[in-house]
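Below you'll find the structure, written out as structure tokens, and then a few comments.
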Amino acid sequence: MKKEEAIEQIIACLEDIVPAQVQVDRSTDLLKLGINSMTFIRLVVALEETFEIEIDDESIYLDNFKSVEHIYQLVEPYVAG
241 MKKEEAIEQI IACLEDIVPA QVQVDRSTDL LKLGINSMTF IRLVVALEET
291 FEIEIDDESI YLDNFKSVEH IYQLVEPYVA G
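Its first residue numbered 241, the sequence shown is counted upward by one per residue in the numbering used here.
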């Protein structure tokens, strides 16, 4: 999967989860959006479903979800090829 395609899918996952008035792009500081634990879990599940992957528990921590670019770096090893 190409990087830009993956980035677009990550942004689509986020747009389904965050409030409609929030604009998300690849540089948005996601931690400043006030994502709570339930939103965080919904995001992990959405990413796993979208990319048909299972993110390792050891990788599920907030620093990996600071931005779209960070999320891409998290899922990239699963979708490379």
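The C-beta atom is built at its ideal place from N, Cα and C for all residues, glycine as well.
Is residue i near the ligand HEM, with its Cβ less than 7 Å from a heavy atom?
| i | result |
| --- | --- |
| residue 317 | Although the ligand HEM was asked about, the structure shown includes no ligands whatsoever. |
Would you decide whether residue i is buried or exposed? Buried here means 16 or more other CB atoms lie within 10 Å of its CB.
| i | result |
| --- | --- |
| residue 254 | buried |
| residue 252 | exposed |
| residue 270 | buried |
Put residue i into one of helix, strand or coil per three-state DSSP.
| i | result |
| --- | --- |
| residue 266 | coil |
| residue 317 | helix |
| residue 260 | coil |
| residue 241 | coil |
| residue 297 | helix |
| residue 255 | helix |
Segment contact flag, the segment 309-321 with the segment 272-281, C-beta cutoff 8 Å, min 3 pairs
no
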